[in-house]
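Numbering (this note's numbering), first residue to last: 1 to 59. Report on one structure; see the data block that follows.
What follows is the structure, given as structure tokens:
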């Protein structure tokens, strides 16, 4: 879907727990694919749009 990451970014503002779900998904997929550099523990430093884009990248 076009602009899915932007829509997710707006959803994070309204429903922060959705961002945490996305972070967990990215972490699991990054480890599974050997992209350990993306398996960060400091998600609070990562912008919402980056989290949304990474989530859609791994889907």
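Using N, Cα and C, we set each Cβ at its ideal position, and we do this for glycine too.
Interface flag, residue i vs chain B, CB-CB below 8 Å
i, result
"residue 17", "Absent from the structure is chain B; it holds one protein chain and no more."
Residue i burial status per 10 Å Cβ neighbour count (16 or more: buried)
i, result
"residue 22", "buried"
"residue 20", "exposed"
Rounded straight-line distance, which links the Cα of residue j to that of residue i
i, j, result
"residue 49", "residue 40", "16 Å"
"residue 30", "residue 36", "6 Å"
"residue 24", "residue 18", "10 Å"
"residue 59", "residue 14", "22 Å"
"residue 57", "residue 5", "10 Å"
Own chain partners of residue i with C-beta closer than 6 Å, once the 5 adjacent residues on each side are dropped
i, result
"residue 33", "none"
"residue 54", "26"
"residue 8", "52"
"residue 46", "none"
Same chain, Cβ closer than 7 Å to residue i, neighbours up to 5 away in sequence not counted
i, result
"residue 42", "none"
"residue 12", "18, 19 and 48"
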